[in-house]
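Each remark here refers to the structure printed beneath this line.
In my numbering, the protein residues as written are 201 to 293.
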C-alpha cells in the first residue's frame, strides 16, 4: 500500500505488487486517472504486506481517511489516529 503526493499537493493512495514500476507508470500518465492530471507524483509513504489482498484492504481503509489522519500515519504518529477518526452520528427519531 502506498501514498503518493501529487503536484497539486493532494494525496493518492494505491496498492501494487511492484512499487517502483507502479510509480513509473503513474509518472508516465498510464497509472490512475486521478494521477495522470496531477503529474509529477512522488512516493511519500508505503507499507509492505505478504499478500496483495491485505494491501488492497489497507488501501481502501486509508482512502477513507481525512488528510490529517493520513499525515499522522505518514509521520508515525499512530497515537493520534483514533482521535482523527471520522465520527458518525446517528439521527434520533
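We put the beta carbon where it would ideally sit given N, CA and C, even for glycine.
Between residue 226 and residue 216, the C-beta gap is not smaller than 7 Å, which leaves the two residues out of contact.
In this model, residue 202 and residue 268 are separated by some 16 Å (Cα to Cα). Rounded to whole angstroms, residue 229 and residue 276 show a C-alpha spacing of 30 Å. Assigned with DSSP and collapsed to three states, residue 254 falls in helix. For residue 213, the enclosing beta strand (DSSP E) covers residues 211-214.
Within the same chain, no Cβ atom closer than 7 Å to the Cβ of residue 253 is found once the five residues on either side in sequence are excluded.
In the same chain as residue 246, and ignoring 5 residues on each side of it, the C-beta atoms closer than 8 Å to its own belong to 201, 202, 203, 219, in chain order. Boundaries cannot be given for residue 230, as no beta strand (DSSP E) includes it and DSSP labels it neither H nor E. The three-state secondary structure of residue 234, taken from DSSP, is helix.
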